[in-house]
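What follows is a single structure, written as structure tokens, with notes after it.
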Ligand code: PRX
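Numbering (UniProt numbering), first residue to last: 1 to 662.
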């Protein structure tokens with residue numbers, strides 16, 4: 001089913017969203033010192049390309065660009081054509097050269113409580129050493145390196161070292177399984193993998209290198225594995241392939257001359273789930289990406305490099321970590337916090353303790369964490385001094401007004417702006433967000449495209465909807481940090497993102513949205529088969545494929561059901577094979593085995609919250625599973641219209657069987 005067909009049944013506007021109309025104006029104090037003002041919108045509308053050229057000029061170019069945008073190969077853009085720059089130089093060296101070498105770039109805090117302060121000068125030395133190490137391993141510009149590391153400084157150092165020598169990095173989230181890692185290594189034909197012996201997870205060391213070893217068994221392209229020692233657990237080192245970071249990188253010179261690369265030189269690949277089973281390697285390039293990363297970080301987070309302490313509590317394994325821990329903040333000479341662990345280790349006040357201790361002024365998290373804090377209780381933020389905060393951000397999923405208001409009151413003390421930022425792996429950087437100091441914010445709304453960005457909410461035929469109406473979110477003008485395509489499959493991007501509104505030339509984001517009466521934008525969630533679990537994108541089909549790869553499963557259907565904390569939760573419906581009694585006659589045993597199986601196939605983030613064994617699945621006459629009806633079951637709602645089912649009794653059979661099993 002195309003998103004157009006399931007549009008009406010997929011978009012829900014909650015009462016809560018509709019009712020909330022109160023706005024929060026910025027304080028005068030914030031407004032007068034804000035990095036952005038209202039005039040930016042007009043400036044960008046009057047001369048879009050001139051506006052972006054001005055933002056690009058904030059970076060240091062080895063060779064200036066001659067053309068701002070070449071859109072002749074649409075939908076693949078070329079930005080800042082003819083320009084050459086080094087991304088790592090822009091993020092590190094130029095700040096040291098400007099006399100800021102002693103400024104802390106990273107206040108890193110380990111989960112067990114250890115910490116490291118890394119200045120820009122130290123970062124320059126470390127990145128240079130790592131760059132020299134990668135060169136010694138024979139890497140040349142354009143080669144690919146896969147990085148699977150916990151949230152330790154070496155993750156940032158590795159990414160910047162790749163960027164420095166024009167090598168393309170592909171960071172794989174630490175929670176992904178060996179199979180998922182292997183698929184990414186193979187797809188990118190990576191020559192080097194950078195990992196660690198293990199990672200701290202909820203207070204205990206968990207293995208990482210052994211997962212990498214499993215993933216790389218017989219991997220054809222990988223020549224070397226660099227291993228950071230983090231937890232001190234014994235690991236097996238493969239002779240001739242594996243090298244300890246502290247020995248091999250530690251022994252390199254800290255001198256490295258950064259050469260410049262074309263503005264369109266590939267910077268990184270990051271895999272994300274789409275509507276098909278196989279994650280797509282989203283490609284980003286250098287000049288346009290860094291320009292928009294730095295610009296959005298400057299205006300949306302209002303960062304003042306001399307005074308702010310900024311904390312984006314994402315993982316570098318996701319796009320948020322790439323753009324708002326590594327590239328944006330470092331290009332802007334930000335001092336930031338990097339935290340290794342989970343928010344409740346060693347205790348549930350951990351984040352607030354860090355904010356108090358390091359006097360964090362800008363804090364950027366996902367709504368799922370806000371809802372988790374709500375569950376843990378108001379007393380926790382109250383127990384700490386959070387008055388250093390002056391700006392809060394939200395990303396990854398629609399923020400419900402209740403969570404927005406709690407965040408505003410309990411973490412922001414009712415006095416500071418919240419920026420709800422909408423964007424995607426594919427957009428590379430923030431696209432829709434209120435500008436702090438300019439907008440009167442609305443709980444639950446991302447509100448307005450940033451200056452220089454143009455979006456619309458349209459109906460099924462691509463016509464803009466009226467204020468007060470819902471539709472599809474599209475981006476109608478190219479933007480500098482837009483993906484340059486899908487790695488290894490150049491034609492697929494056209495099909496995935498641009499075919500839906502081909503005639504109009506719109507990029508279709510996959511999200512539903514709504515204009516309110518003022519024309520402000522409210523995001524309504526995905527309208528395709530992509531789930532959003534704790535701000536992470538997982539496709540229903542990916543989980544279904546994992547389930548049917550288990551011998552006991554004949555068929556599977558997966559839905560994202562609303563969940564109070566995680567936004568959506570994965571609920572799977574499975575039909576077991578006729579002979580599955582051979583495995584067990586107890587559904588609980590099979591369900592437990594299937595949960596484990598999905599974790600092993602994809603990673604714990606894809607583990608279903610519930611697996612329901614059913615005798616049938618509801619299908620249309622063309623054989624398409626009607627997830628809408630399954631979502632009704634998963635969310636304990638009255639079952640909707642079943643008229644289009646091939647077998648109209650299917651839902652009754654399913655509900656009766658679930659009732660008799662419970
Ligand atoms: O559905 C939207 C949701 O997350 C999707 C993008 O996921 P990913 O590429 O993993 O990037 C997440 C971090 C940028 C979008 O299609 N999304 C992201 N931010 C918001 C959001 N939904 C509503 N409001 C947001 N602020």
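Just so it is clear, CB atoms sit at the ideal spot from N, CA and C, and this is done for glycine as well. The structure presented is a predicted model; accordingly, all values stated were derived computationally and were not measured.
In this structure, residue 542 lies near residue 273, with their beta-carbon atoms less than 7 angstroms apart. Scanning the segment 306-341 for uninterrupted alpha helix (DSSP H) segments of 4 residues or longer gives 328-331, listed from N- to C-terminal end. When DSSP states are grouped into helix, strand and coil, residue 612 belongs to the strand group.
A direct Cα-Cα distance of roughly 31 angstroms separates residue 31 from residue 511. With respect to residue 164, residue 127 sits close: the two C-beta atoms are nearer than 7 angstroms. Under the three-state reduction of DSSP, residue 205 is assigned to strand.
Remark: fewer than three beta-carbon pairs, one from each stretch, lie closer than 8 angstroms, so the segment 516-534 and the segment 489-497 are not flagged as touching. Considered as a whole, the segment 515-539 harbours no complete run of any alpha helix (DSSP H) with no fewer than 4 residues. Taking the Cα positions, residue 505 is about 9 angstroms away from residue 475. Relative to ligand 1, the nearest heavy atom lies less than 6 angstroms away from the CB of residue 319. In the DSSP assignment, residue 650 falls within the unbroken alpha helix (DSSP H) covering 650-661. Inclusion of residue 267 and residue 286 in the CB contact set at 7 angstroms is warranted, their separation being smaller than that value. Shortest gap from the CB of residue 398 to any heavy atom of ligand 1: under 6 angstroms.
Taken through DSSP and simplified to helix, strand or coil, residue 24 comes out as strand. Residue 253 is positioned such that its CB atom lies closer than 7 angstroms to that of residue 132.
For residue 245, no beta strand (DSSP E) run applies; the uninterrupted alpha helix (DSSP H) run containing it begins and ends at 245-248, by DSSP. Under the three-state reduction of DSSP, residue 111 is assigned to coil, being neither helix nor strand. DSSP places residue 375 in the helix class (H, G or I) of the three-state scheme.
When beta bridges are read from the DSSP output, residue 497 appears opposite no residue.
Closest option to residue 74, judged by alpha-carbon separation, among 601, 498, 375, 548: 498. Looking at 225, 246, 221, the one whose alpha-carbon comes closest to that of residue 211 is 225. Shown here, residue 222 sits in coil according to DSSP, grouped into three states, outside any helix or strand. Pairing residue 611 with residue 175 gives a Cβ-Cβ distance that is not under 7 angstroms.
When distances are taken from the beta-carbon of residue 425 to the heavy atoms of ligand 1, the shortest one is below 6 angstroms. As the crow flies, the alpha-carbon of residue 547 is around 14 angstroms from that of residue 538. According to the DSSP secondary-structure assignment, residue 555 is paired through a beta bridge with 575. The beta carbon of residue 422 sits closer than 6 angstroms to at least one heavy atom of ligand 1. For the pair residue 146 and residue 167, the CB atoms are not nearer than the 7 angstroms cut-off.
Collapsing the DSSP output to three states places residue 256 in coil.
Contact annotation: the segment 340-351 does not touch the segment 317-329, with fewer than three C-beta pairs closer than 8 angstroms. Between ligand 1 and the CB of residue 446, the shortest heavy atom gap is smaller than 6 angstroms. For residue 151, the closest C-alpha among the options 655, 115, 65 is that of 115. For residue 287, the enclosing alpha helix (DSSP H) covers residues 287-300.
At a threshold of 6 angstroms, residue 405 does not count as near ligand 1, since its beta carbon sits no closer than that to any of the ligand's heavy atoms. Under the three-state reduction of DSSP output, residue 55 falls in the helix class. Sequence-distant Cβ neighbours of residue 155 in its own chain, meaning closer than 7 angstroms and more than five residues away, are 147, 149, 316.
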